[in-house]
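Numbering (the UniProt record's numbering), first residue to last: 1 to 98.
Virtual Cβ for every residue (Gly too), placed ideally from N, Cα, C.
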Amino acid sequence: MSEILSFLTGGWNYVLAALAVVAALLTSYFGGKKVGTVQTQAKADVAAAEKDKSQVEEVAKKQSENAEAAKNVQSINSGISDSAARDKLQRSKYNSAD
């Protein structure tokens, strides 16, 4: 019994050190858990941004192709005569014979 009393009276440093170690372990566990959650969310955000980036690039490419096609048609149409343009419009698939 005297050993336990002497440990408790003189060994508070060991008890406090053990509690500090337990507290440090708990803090590192829960802190690491939060870091893992943040990293997972960051990876998901990066994947979503990459998807959005590729979609924007596809839209820009399609718009560029459409603009080039419009320029080509404009240059072809500017080089033909009025009667040829009229004939072309009459033969167009968009022209209906009323």
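Assuming alanine 85 and asparagine 77 make a contact with CB atoms under 8 Å, what is their CB distance in whole Å? As a working mapping, residue 85 is identified with position 85 in the sequence shown. As a working mapping, residue 77 is identified with position 77 in the sequence shown. 7 Å between Cβ atoms; contact.
Could you check where the alpha helix (DSSP H) with arginine 86 kicks off and where it finishes? Here residue 86 refers to the residue found at position 86 when the sequence shown is read from its first residue. First-last of the alpha helix (DSSP H) with arginine 86: 82-90.
I need the straight-line Cα distance from alanine 49 to alanine 60, nearest angstrom please. For the purposes of this step, residue 49 is taken as the residue at position 49 of the sequence shown. For the purposes of this step, residue 60 is taken as the residue at position 60 of the sequence shown. One C-alpha to the other measures close to 16 Å.
What would DSSP say about residue 119, mapped onto helix, strand or coil? For the chain, the structure presents residues 1 to 98; residue 119 sits outside this window and is missing.
Do you know how far the Cα of alanine 70 is from the Cα of alanine 47? Within the sequence shown, residue 47 is the residue found at index 47, counting from 1. Within the sequence shown, residue 70 is the residue found at index 70, counting from 1. So the two alpha carbons sit approximately 35 Å from each other.
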